[in-house]
Every structure is written in structure tokens, then in C-alpha cells.
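Q: Chains as they are written, first to last, in this note's numbering: chain R, 1 to 368; chain D, 1 to 316.
Once you've had a glance at the structure underneath, I'll fire off some questions.
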Amino acid sequence: MSAAQWRKAMNSAAATPAEGWNTPARSTEPSNVRVFQPLAAVRGIRAIHVLVVLAVLLFPFVASPFLTFQVAGQSFALGLIALSLTFLAGYGGMVSLAQMTVAGIAGYTVAIFGTSGTALSLGWHPALVLVLAMAFAVLAATLIGWLSVRTEGIYTIMITLAMGVGFYYLALQNYSVFNGFQGFQKVYPPAWFGTDWRSPLPFYFLALAFAAAGYFLVKYIARAPFGIALQGIRDNPRRMNALGYNVTAHRVAAYAVAGLIAAVGGILFTWYNGLITPGSIGMSWLINILVIAVLGGMRHPIGPFLGALIFVLLQTFAIDLIERERFNLVIGGVFLAIVLFSPDGLLGLWSRARARLRRAGPTSSNVR
Amino acid sequence: MTPWQRKLLPWLLVGVPLAVLAVWGLVDNARLFLVTLLNGLTLGSLYFIVASGFTLVFGLMRNVNLAHGSLYLLGGYVGFTIAEKSGSWLLAVAGGFAIAALAGLLMQLLILRHMQNQDLRQTLVTIGLSIVIADLLLWVFTGQVHQMEAPALLQGPVRDLPVIKAYSAYRFSLLGLGLLIGVALWLLLNRTRVGMMIRAGVDDRAMLAAAGVNVNLVFAVTFALGAGLAGLGGVIGAVELSMVPGEDTRLLLASLIVVIVGGMGSVVGAAIGAAILGLAETYGLAYAPTYSVVFTFLILVLVLAFRPRGILGRAA
């Protein structure tokens with residue numbers, strides 16, 4: 001039996017994950033390519049990438065400040081938080097509903113230790129506050145991860161939801177640290193270089209920079225040894241364990257990385273809203289992040305940003321179609337439709353449409 | 001350390017401080033302590049009724065039904081409407097149970113059955129359904145607080161009790177109802193054919209199907225029963241806790257914690273978890289109001305850290 005036949009036999013039966021619908025497309029590169037090739041990325045650039053980059057860079061100059069700030073800025077911030085969930089769920093196989101909680105912890109830290117309109121804030125130096133916020137968020141994410149990874153896949157949703165809602169009640173009922181129901185108002189970014197980072201143009205580019213950083217970070221990690229090991233653990237933890245990988249440690253590390261991404265997104269989202277309250281981390285927002293991630297598709301890091309864009313557009317313009325109060329019904333219905341008919345989200349719809357168009361062409365092969 | 005001692009250690013570590021606190025509470029204010037004990041047990045009864053449905057569905061079908069809270073709310077609102085129209089509390093209870101069971105049955109037959117082995121996808125569907133149901137209920141019943149009255153027989157206090165002097169009759173009945181439902185569930189699961197099939201399905205779904213049982217029927221019945229229990233809890237809770245849109249989140253969280261602490265798929269575990277949660281919440285509220293949530297959190301974290309499957313959970 002040749003090596004290829006053996007590999008095929010080993011991989012066919014046991015290795016296919018039970019839910020194949022949310023796994024990202026696997027890389028087809030041979031595993032012995034370990035040379036660091038920075039210019040390899042340049043070779044892969046196509047016209048569509050250049051177009052997208054140009055469009056994204058020129059967008060704020062052609063669109064109104066409302067669209068730039070309310071739609072695009074919010075999409076980048078939310079997309080970053082949802083990216084942390086896509087990373088965990090798509091590449092790690094763990095659906096955690098506590099990503100918004102981690103983002104909220106970062107936001108609350110910025111509000112409590114930095115300056116805000118509420119008297120409880122300590123007013124420490126902004127740089128220190130930001131470092132502290134990310135440190136606390138990563139710590140919280142690691143703790144949540146450590147508590148959740150020792151049980152099986154479907155438990156993770158329950159446990160993380162319980163922890164997320166528990167933290168919500170803590171923030172709601174505690175007045176000495178979290179200021180209870182009102183939370184912290186007027187949480188604005190510091191005025192570095194004399195710019196108001198909350199005005200449309202600067203905020204757009206700030207959010208864009210971090211969103212791009214998150215996107216490329218996830219892309220890089222997915223092909224680094226850690227990311228490949230993580231995907232292996234997603235597909236078959238027993239085999240990875242037998243190969244000598246510490247499954248628990250990899251999973252907790254994935255939570256920590258996702259926590260870092262969510263922290264940055266959380267700080268941006270808090271600055272966008274200008275406030276942080278228990279309502280920002282309540283159950284509806286925990287579920288909204290999941291909706292955004294599923295909506296866009298968990299196969300590729302661009303998915304959460306697409307999902308966030310659709311979500312924000314629905315949220316902003318749904319008033320014109322239906323009552324503002326029935327927004328939850330609309331988003332719930334859209335989510336239900338996506339899960340029932342296209343579990344891969346928009347990216348899945350797109351790739352299926354493309355496959356169908358290609359099949360309609362002269363010759364094509366369905367082999368991936 | 002002998003194995004005996006190692007098994008005893010966690011009990012000692014948890015039990016001794018609790019015993020000390022209990023003695024202090026009794027000496028300090030016996031009435032408050034005992035009333036809080038009864039309050040905690042009755043709250044735990046309500047949590048048990050709701051969480052038992054959740055754990056049945058999870059244990060058998062590996063489906064984390066996150067629409068459980070919405071079903072609670074549905075049963076409560078419908079029961080409230082029936083009670084208003086007919087004036088009979090029993091009819092309201094039956095109606096709440098029936099409507100929630102029907103909703104659960106429809107969910108299972110129309111949607112969940114078609115995603116048989118995709119646990120994650122089923123869970124996501126229940127999340128979507130919970131959002132839709134909750135918003136529909138909000139639309140129909142608005143955000144007003146609805147308070148249902150206890151039946152005439154159970155209104156008012158029971159007097160002439162030893163230390164506590166008087167206690168609400170309705171809350172006593174809650175305790176009794178919880179016990180009744182617990183015993184009935186135990187009898188159903190352990191002494192009937194359907195229960196035997198459910199227990200077999202919890203252990204090994206595939207073998208159950210191979211043995212010739214109509215697994216889809218068993219699933220449908222179990223889901224309907226689990227959902228019905230949530231609706232039943234909703235009507236009962238409507239008297240004690242009142243119906244507000246946020247209650248579905250609260251009861252869902254309580255069910256999750258009960259099942260995580262007590263163990264998945266175990267009704268006795270749900271009883272233990274519910275008692276622990278009810279007591280922790282009530283004692284926290286009575287003795288340290290600002291930190292009661294922290295106690296619940298702490299228990300959850302401790303159980304997850306040392307027994308990830310719950311107190312009575314076993315390997316899936």
C-alpha cells in the first residue's frame with residue numbers, strides 16, 4: 001500500500017469531524033514547507049485584494065460621516081470581537097459564548113481605571129490602563145478556557161453562557177466597583193497627538209488598523225505550527241493526544257489568543273459607544289456575537305467582518321422596514337434562516353454559488 | 001492518605017465551614033436562618049422542576065435546549081391568561097404544561113429531527129428559536145409585569161409553626177409539588193417501559209435504535225415532557241416570581257447552573273444541584289446581598305474546577 005493510500009484510509013473514517021459544516025477550508029500545502037517566505041504572500045495577491053484594500057482606504061472620503069462612524073466603525077469593532085469567536089469555533093472547534101464577556105471586561109477595566117464621566121473612575125495613565133485592560137481580559141479568557149476545556153464540545157456553550165450571564169449579574173448588582181445598572185458613561189479614547197479619536201475619520205482608521213491586524217494575525221496563526229496543531233485537535237483530539245500534543249494546553253492557549261483579540265475589539269467598541277453598562281454584556285449581546293460569527297461564516301477570518309456589517313446594516317436601517325422594537329425578531333429570524341439553510345453563513349452561500357457557476361462552465365472538477 | 005480519607009477530604013473541606021456558619025446563623029437569629037432555609041428549599045424546588053426538563057432533554061438527546069427559558073415564559077404567560085379568563089389555577093397549570101409541551105413537540109418534529117447528529121447546529125437552532133419566541137411574547141404581552149394569584153386554597157400563611165411562627169402556604173405547596181414531581185419523574189424513569197427506553201437511550205442511542213425501538217418517538221415524547229416541565233415551572237413561578245421579559249434568561253441560567261453542578265442527564269443530580277443553587281442564592285441574599293451572585297459563581301467555578309462533569313455526572 002502506498003503512503004498516499006494509507007494516509008487516505010486513515011483520514012477517511014475517523015477524522016471527519018461530526019459537524020463538517022463549520023470547519024475552515026484546509027490548507028493544501030505540503031507539511032514540510034517550513035521556510036519563512038515573506039514574499040510568498042506577495043505572490044498570492046490578486047486584483048480582488050487590491051480592489052478591496054483601495055475601497056476600504058478610500059471609503060471614508062466618499063461616504064458620509066454617519067456611514068463612516070456608525071456603520072463601518074461599529075462593524076470593525078464588532079467584527080473584531082466576533083473574529084475571536086470565529087478563531088475559537090472555526091479553528092479550535094470550541095463555541096464560547098463568553099467572548100463578549102471578555103470584551104466587556106477589557107471595556108470595564110478601561111472605564112474603571114481610566115477617565116470617564118462617572119466618579120468611580122480612577123483616572124490612571126491611558127497607556128497603563130490599556131495594558132491593564134488587555135492583561136485582565138486575557139487572564140479572564142484563560143480562566144474561562146481552563147474551566148471549559150476539560151469537558152466535551154457541547155458543554156462549552158453551556159458553561160461559557162453560564163459564566164457570561166453570571167458576570168452580567170455581577171456587574172449589574174455590584175455598585176462599589178462596577179457602578180451597577182448605570183455603568184460608566186463618557187468613556188472616550190485619550191487625545192493622543194491632539195486628535196479626537198472618536199470623530200468619524202480617525203476612529204475609522206483606528207478601527208481599520210486593529211481589524212486588519214486581527215485579520216492577519218488569525219491568518220498567520222492558522223498556518224503556524226500552533227494553529228495547525230489546534231486544527232488537528234479540533235478534528236481528532238485523541239489522535240493528537242496520542243501524538244504527544246498537550247490538548248488542554250493548546251485549547252487554553254487558543255482561549256488566551258482569542259481573549260486578546262476580543263479585548264482589543266472590546267476597547268474599540270466601548271470607545272465607539274462612549275459608555276459601558278451591564279446591558280453591553282447581557283445575554284442578548286452574548287448571543288449577538290454568536291449570530292454575527294455564524295452569519296458571516298466561520299471558515300475564514302473575513303467572515304465575522306461580513307457578518308458584523310450585515311448586522312449593523314440591519315440594526316441601522318431596519319427602522320425603515322419594521323418597528324425598531326421588533327429588531328430582535330428580525331435578527332433572530334435571519335439567524336434561524338442561516339442555521340437552517342446555510343450553516344456556513346454568507347461565505348458558505350458564496351462558495352456554493354461560485355461552485356454552481358463554475359459547474360455551469362465548460363469543464364470543471366468537484367475535487368477540492 | 002488512604003483512599004477513604006481522600007474521598008472524605010472534599011466533604012470535610014466544604015462541610016465543616018458550612019456547619020460552623022450554620023451553627024452561627026442558628027445562634028444569631030434562629031428565625032431568619034430557618035425561614036431562609038425554607039425559602040431556599042422552595043426556590044430550589046422551582047429550579048428543580050424547570051431544570052429536570054432541561055436535563056432530560058440534554059441527557060437523552062445531547063441537545064442543549066437554550067429555548068428552555070422561553071418555554072418557561074410561554075407556559076407562564078399562557079397560564080396567566082387562562083387563569084384570568086377561567087379563574088381556575090389548576091386549569092392554568094394544565095394549560096401551561098400543555099402549551100409548552102406542544103411547542104416542544106413541534107420544535108422536535110419540524111426542525112430538530114432533521115439535524116439528527118449535529119449537536120452544535122441543534123443548539124444554534126434553539127438559540128434562534130429562543131430569540132424569536134421571547135420577542136413574540138414581548139410583542140403580545142408587552143413589558144408589563146404580570147402577577148398571578150395563588151389559588152384560594154393556598155393563599156395566606158400557615159400559622160403556629162415552632163420557631164418561625166408563620167410561613168406562606170403557597171411556598172410549602174411548592175416544596176410539596178417539587179417532591180411530587182421528583183418522585184413522579186423517578187417512577188417514570190425507573191419503573192415504566194418508556195423510562196427504561198429513555199435511560200437506555202441516555203446510555204447508548206445507537207444500541208437503542210438497533211434494539212428495534214422507535215427512537216424518534218422516544219425523542220419526541222422526551223422533548224415534549226421536558227418542554228412541558230418548563231411550562232409547568234412557568235405557571236408555578238408566575239405566582240411566586242411574577243412574569244417579566246427578563247425571567248427567561250434568569251431561569252435559563254438557573255437551569256444551566258443546576259445541570260452543570262448536579263451532573264448532566266441525571267434527575268437526582270438536578271435535585272441536588274437545584275437544592276444547592278436555591279440555598280446559595282437565598283442565603284446569599286439574606287446574609288450578604290451585594291455578593292449573592294458571587295456565591296453562585298464561586299460554586300459553579302469550584303464544581304467545574306474539581307468535578308467538570310458535575311457532582312453526579314458520568315462520562316458521556
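Here a beta-carbon is modelled for each residue, glycine too, at the ideal position from N, C-alpha and C.
Since the model is a prediction, treat every value here as computed from it, not as a measurement.
Could one say the Cβ of R/Ile310 lies closer than 8 Å to chain D's Cβ atoms, at least one of them?
A: In the first sequence, the residue the question calls residue 310 of chain R occupies position 310. Closer than 8 Å: no.
Q: DSSP has D/His146 in a bridge; who is on the other side?
A: On the second sequence, residue 146 of chain D is found 146 positions in, with the first residue counted as 1. For D/His146, which the question treats as bridged, DSSP gives the partners D/Met243.
Q: Kindly provide the ranges of any alpha helix (DSSP H) runs that are 4 or more residues long and lie completely inside the region 197-243 of chain R, ordered along the chain.
A: List check, alpha helix (DSSP H) in window: 200-223, 225-235 and 237-243.
Q: Could you check the C-alpha separation between R/Ser27 and D/Asn214 for me, to the nearest Å?
A: Here residue 27 of chain R refers to the residue found at position 27 of the first sequence. Here residue 214 of chain D refers to the residue found at position 214 of the second sequence. Low confidence applies to R/Ser27: its pLDDT is 48, below 50, so where it sits in the model is not reliable, and the reading given next is rough at best. Distance between the alpha carbons of R/Ser27 and D/Asn214: 42 Å.
Q: Quick check: what's the CA-CA separation for R/Phe193 versus D/Leu110?
A: Here residue 193 of chain R refers to the residue found at position 193 when the first sequence is read from its first residue. Here residue 110 of chain D refers to the residue found at position 110 when the second sequence is read from its first residue. Their Cα atoms are separated by approximately 59 Å.
Q: Please identify, using Cβ separations under 8 Å, the residues of the region 328-346 of chain R that lie next to chain D, in order along the chain.
A: Going along the region 328-346 of chain R in chain order, one finds Asn328, Leu329, Ile331, Gly332, Gly333, Phe335, Leu336, Val339, Leu340 and Pro343 with a Cβ nearer than 8 Å to chain D.
Q: Does any C-beta atom of chain D lie closer than 8 Å to the C-beta of R/Leu349?
A: Residue mapping note: residue 349 of chain R aligns to position 349 of the first sequence, counting from 1. R/Leu349 does not count as touching chain D.
Q: Could you spell out where the beta strand (DSSP E) holding D/Ser168 opens and where it closes?
A: Start at 1 with the first residue of the second sequence, and residue 168 of chain D comes out as number 168. Start and end: Lys165 to Ser168.
Q: How many Å lie between R/Asn22 and D/Leu124 at the Cα?
A: Stepping through the first sequence from its first residue, residue 22 of chain R is reached at position 22. Stepping through the second sequence from its first residue, residue 124 of chain D is reached at position 124. Because the pLDDT at R/Asn22 is just 49, under 50, the model does not fix this residue reliably, and the value given afterwards should be weighed accordingly. Answer to the nearest angstrom: the Cα atoms are 12 Å apart.
Q: For the beta strand (DSSP E) that D/Arg159 lies in, which residues bound it at each end?
A: Counting from 1 along the second sequence, the entry for residue 159 of chain D is found at position 159. Here the beta strand (DSSP E) through D/Arg159 covers Pro157 to Leu161.
Q: How would you list, in chain order, the residues of chain R whose beta-carbon sits under 9 Å from the beta-carbon of D/Gly104?
A: What you label residue 104 of chain D is simply residue 104 of the second sequence in a count that begins at 1. What D/Gly104 touches in chain R: nothing, since even the nearest Cβ is about 17 Å away.
Q: List the residues of chain R whose Cβ lies closer than 8 Å to the Cβ of D/Arg159, in chain order.
A: Locating residue 159 of chain D in the second sequence gives position 159, where the first residue counts as 1. The premise fails here: D/Arg159 is roughly 34 Å from chain R at the closest Cβ pair, so nothing lies under 8 Å.
Q: Whole angstroms are fine: how far does the CA of R/Ile292 sit from the CA of R/Ala82?
A: Locating residue 82 of chain R in the first sequence gives position 82, where the first residue counts as 1. Locating residue 292 of chain R in the first sequence gives position 292, where the first residue counts as 1. One C-alpha to the other measures close to 6 Å.
Q: My guess is that R/Met100 and R/Thr156 are in contact by the Cβ rule of under 8 Å, so how many angstroms apart are they, rounded?
A: Your numbering for residue 100 of chain R matches position 100 in the first sequence. Your numbering for residue 156 of chain R matches position 156 in the first sequence. Not a contact, Cβ separation roughly 15 Å.
Q: As a quick exercise: from R/Leu336, R/Leu143 and R/Val71, pick the residue whose alpha carbon is nearest that of R/Ile159.
A: Stepping through the first sequence from its first residue, residue 159 of chain R is reached at position 159. Selected option, being the one with the closest Cα: R/Leu143.
Q: Excluding five sequence neighbours on each side, which residues of the same chain lie with their C-beta closer than 7 Å to the C-beta of R/Arg150?
A: Along the first sequence, read from residue 1 onward, the residue named residue 150 of chain R stands at position 150. So the list reads Thr248, once near-sequence residues are dropped.
Q: What's the call for D/Arg6, buried or exposed, on a 16-neighbour Cβ count within 10 Å?
A: Taking the second sequence and counting its residues from 1, one reaches residue 6 of chain D at position 6. Exposed, by the Cβ-count rule.
Q: Measuring alpha carbon to alpha carbon, tell me which residue in R/Ser75, R/Trp271, R/Arg239 and R/Trp350 is nearest R/Thr109.
A: Position 109 of the first sequence, counted from the start, is the residue given in the question as residue 109 of chain R. Answer by Cα proximity: R/Trp271.
Q: Would you check if the region 229-249 of chain D and the region 75-86 of chain D touch, i.e. whether three or more CB-CB distances between them fall below 8 Å?
A: A contact exists between the region 75-86 of chain D and the region 229-249 of chain D.
Q: In the DSSP assignment, find the unbroken alpha helix (DSSP H) run with R/Glu152 in it and report its ends.
A: Start at 1 with the first residue of the first sequence, and residue 152 of chain R comes out as number 152. Premise fails: R/Glu152 is in no alpha helix (DSSP H) and is neither H nor E.
Q: Taking only runs of the alpha helix (DSSP H) that begin and end inside the region 17-71 of chain D, which ones reach a length of at least 4 residues, in chain order?
A: List check, alpha helix (DSSP H) in window: 30-61.
Q: Return the bridge partner residues of R/Phe184 from the DSSP annotation.
A: For the purposes of this step, residue 184 of chain R is taken as the residue at position 184 of the first sequence. BP columns for R/Phe184 point to R/Ile276.
Q: At what residues does the alpha helix (DSSP H) containing R/Gln70 begin and finish?
A: Within the first sequence, residue 70 of chain R is the residue found at index 70, counting from 1. Where R/Gln70 is concerned, there is no enclosing alpha helix (DSSP H), given that its DSSP letter is neither H nor E.
Q: From which residue to which residue does the alpha helix (DSSP H) around R/Trp350 run?
A: Numbered from 1 along the first sequence, position 350 holds the residue referred to as residue 350 of chain R. Gly345 to Arg359 is the span of the alpha helix (DSSP H), which, as asked, contains R/Trp350.
Q: Between D/Trp4, D/Gln118 and D/Leu56, which lies nearest to D/Val194 when the distance is taken from Cα to Cα?
A: Along the second sequence, read from residue 1 onward, the residue named residue 194 of chain D stands at position 194. Comparing Cα positions, the closest option is D/Leu56.
Q: Can you give me the C-alpha to C-alpha distance between R/Ala13 and R/Phe61, rounded to a whole angstrom?
A: Taking the first sequence and counting its residues from 1, the one referred to as residue 13 of chain R is at position 13. Taking the first sequence and counting its residues from 1, the one referred to as residue 61 of chain R is at position 61. Low per-residue confidence applies at R/Ala13: pLDDT is 49, beneath 50, and the placement is therefore not dependable, though the value from the model is reported in the following sentence. Looking at the two C-alpha atoms, the distance is approximately 53 Å.
Q: On the three-state DSSP scale, how would you describe R/Gln173?
A: For the purposes of this step, residue 173 of chain R is taken as residue 173 along the first sequence, with counting starting at 1. Helix.
Q: Quick one: list the residues of chain D neighbouring R/Met158, beta-carbon separation under 7 Å, in chain order.
A: Residue 158 of chain R sits at position 158 when you count from the first residue of the first sequence. Simply Val64, Leu256 and Ile260.
Q: Residue range of the alpha helix (DSSP H) that D/Arg283 falls in?
A: The residue you call residue 283 of chain D lines up with position 283 of the second sequence. The residue asked about is misnamed: residue 283 of chain D is Tyr in this sequence, not Arg. Val267 to Tyr287 is the extent of the alpha helix (DSSP H) around D/Tyr283.
Q: Applying a beta-carbon distance threshold of less than 9 Å, which residues of chain D neighbour R/Ile233?
A: What you label residue 233 of chain R is simply residue 233 of the first sequence in a count that begins at 1. None at all; the shortest Cβ gap to chain D is about 16 Å.
Q: Thinking D/Gly40 and D/Thr282 are a contact (beta carbons under 8 Å), I'd like their distance in whole angstroms, please.
A: Position 40 of the second sequence, counting from 1, holds the residue named residue 40 of chain D. Position 282 of the second sequence, counting from 1, holds the residue named residue 282 of chain D. Confirmed, Cβ separation roughly 4 Å.
Q: Check each residue of the region 258-278 of chain R: if its Cβ is closer than 8 Å to any Cβ of chain D, include it; give the result in chain order.
A: Listed by position, the residues of the region 258-278 of chain R near chain D (Cβ gap below 8 Å) amount to none.
Q: Would you mind reading off the limits of the alpha helix (DSSP H) that contains D/Leu137?
A: Against the second sequence, residue 137 of chain D aligns to sequence position 137. Start and end: Asp119 to Phe141.
Q: I'd like to know if R/Arg238 contacts chain D, where contact means its C-beta is closer than 8 Å to some C-beta of that chain.
A: Here residue 238 of chain R refers to the residue found at position 238 of the first sequence. Judged by the 8 Å Cβ criterion, R/Arg238 is not in contact with chain D.
Q: Using 10 angstroms around the beta-carbon of R/Gln5, count the other beta-carbons present and answer buried if the total reaches 16, otherwise exposed.
A: As a working note, residue 5 of chain R is residue 5 in the first sequence. The residue is exposed, with fewer than 16 neighbouring Cβ atoms inside 10 Å.
Q: Terminal residues of the continuous alpha helix (DSSP H) containing R/Ser284?
A: Position 284 of the first sequence holds residue 284 of chain R. That run of the alpha helix (DSSP H) goes Met283 to Gly296.
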